[in-house]
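Beneath this line is the structure, given in structure tokens, with notes to follow.
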Amino acid sequence: MRTRSFIVRIVVLAGIISSVAPPVEAAGVLRAGVAKGDITPEKPVKMSGYASRKGLSTGVHDPLSARAIVFQQGNERLVLVSTDLIGFYEGTADHMRDVLVKEFALKPSELFLTAIHTHAGPSLTIDAENGHPNNLKYTEGLQNKLIALIRRALDDMQPVDIGVGRGACPIGSNRRELRVRKTGQSDIVLGRNPYGPTDKEVLVMKVAGPDGALVAVAFDYATHATCLGGKNTVISGDVIGLAEQFVEKILGPKAISPAFAGASGNIDPWFRVLPAFNTEPGWVPEPVLLGTFLGEEVVHVCREIDGTQPVGRIATAFATLDLPAKPPEDADDRQGPDTVPFNVSVARLGEIAFVGLGGEVFTQIGMAIKAGSPCEHTFVITHCNGAAGYLAPKERHVEGGYEIRSTAYAPQAADLVVRKSLKMLHDL
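The number in our numbering is simply the position in the sequence shown, starting from 1, with 1294 added.
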């Protein structure tokens, strides 16, 4: 009787322990939480993207949002934040990242802070002396909103499965147009080069809960968000922001759709730098037209993803590269630094890779990273964890043009970024 009583006590105790503690294999379960928040300016602000635009915004065409997906597996996390902004310039990238990393005890490699690169949004500033008061207040408010956003995502964690699909969309066009003057001289100008290299891929990640319900539909596409030009003074997410809004409208309010800007330093929308939304009767405004086109492709790809499946472990890495600086035009005028920093973030969810590049990277660089990636699906995300400006392949330096004049990097820098990004992925 004593033996039977002892056995019964062990069985009961084991049942109590198992009801309190998660099974050992639960540590390997991928969990995710998502959140979306409004970041539309409440007051007129200085807008970003065009130096010629001096005044403040005059209205709002469509709302701006921030969206977050937080993945967790055991003690490893991956925080993807997409914002309907041009990027985190003027020192705001390091500032925001430091705040968020500290607030949530993240490893620096676990945070991908990104922007869709709309040129119809507010500029960020933490410069109290030179920044416009409305933009200073907006940036301060954005910081608080991003903290709240990530906290809401962390409070909403659940087991998830992931599916990935590929589509294609032609709305992006190479913008480095060759024009020949009457004198016979030629220049590379910002225009439309339909035959230049572009990455048409639309990469879609479908995140679903235990019941199969959609949680998030993230997508990556390589284009500037510059349907609207410097004469436009209304706030808008432009082509990529409008695509996000379309996907969420079609797939329902419970699924968020964060977008990521692919390698698009030399890619503009087919219709570019227009003065305003055309309100002519019967006309579909170009940002709406192209955003809907892209959004419909995202929805098509999402619906064609044949189920979801568990993924392997989370792994992340972060590096700041010291890339060679572009030599001065006058070889005797060497006053600048020999190197310029450039941030590279990489992460893996099993066979899904994320490569975050802290600058405005030419599409050929992104395509090279995809081609060399050890993973089946690779999201190349620019304007991520930094704002280092243009990075162009060495052969484009010979041609010249706006991006080459603007870049701080030497011709060989792009190859170094490709090789380092791939090495970091392989090391994971």
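Quick reminder that beta carbons are idealized off the backbone N, C-alpha and C, glycines included.
Annotation note: the stretch 1658-1694 contains the following uninterrupted beta strand (DSSP E) runs of length 3 or greater, listed N- to C-terminal: 1671-1676. Secondary structure of Phe1587 (DSSP, three-state): helix.
In the DSSP assignment, Phe1406 falls within the unbroken beta strand (DSSP E) covering Leu1405 to Ala1409.
Lys1500: member of the beta strand (DSSP E) spanning Glu1495 to Ala1502, first to last residue.
Of the residues assessed, Arg1713 falls on the exposed side of the cut-off, its CB having fewer than 16 other CB atoms within 10 angstroms. DSSP lists Met1499 as the bridge partner or partners of Ala1512.
Listed as beta-bridge partners of Val1339 by DSSP are no residues whatsoever.
About 7 Å separates the beta carbons of Gly1559 and Leu1685, which is inside the 8 Å limit, making them a contact pair.
Annotation for Asp1532: the continuous alpha helix (DSSP H) segment containing it runs Asp1532 to Leu1545. In the assembly as shown, Ser1700 is an exposed residue. Its beta-carbon has fewer than 16 other beta-carbons within 10 Å. Between Ala1362 and Val1509, the CB-CB gap reaches or exceeds 8 Å.
With contacts defined as CB atoms closer than 8 Å, Leu1545 and Val1511 qualify as a contacting pair. Bridge partners of Ser1417 according to DSSP: none are assigned. Leaving aside the five residues that flank Pro1668 on each side, the residues in its chain whose CB is nearer than 7 Å to its CB run, in chain order, Leu1719 and His1720.
Under the three-state reduction of DSSP, Leu1448 is assigned to helix. With contacts defined by Cβ atoms closer than 8 Å, Leu1407 and Leu1394 form a contacting pair.
DSSP links Gln1366 through a beta bridge to Arg1325 and Arg1371. A straight line joining the alpha-carbon of Arg1470 with that of Phe1565 spans about 14 Å.
The beta carbon of Met1661 is closer than 6 Å to those of Asp1493 in its chain, skipping five residues each way along the sequence. Non-local beta-carbon contacts of Gln1367 in its own chain, meaning distances under 8 Å to residues more than five positions away in sequence, involve Ala1321, Gly1322, Val1323, Leu1324, Arg1325, Arg1607 and Ile1608 in chain order.
Between Asn1428 and the set Val1339, Val1649 and Val1567, the nearest pair of CA atoms involves Val1339.
Where Leu1358 is concerned, there is no enclosing beta strand (DSSP E), because DSSP gives it neither an H nor an E. Looking at the DSSP output, Val1483 sits in a beta bridge with Glu1471.
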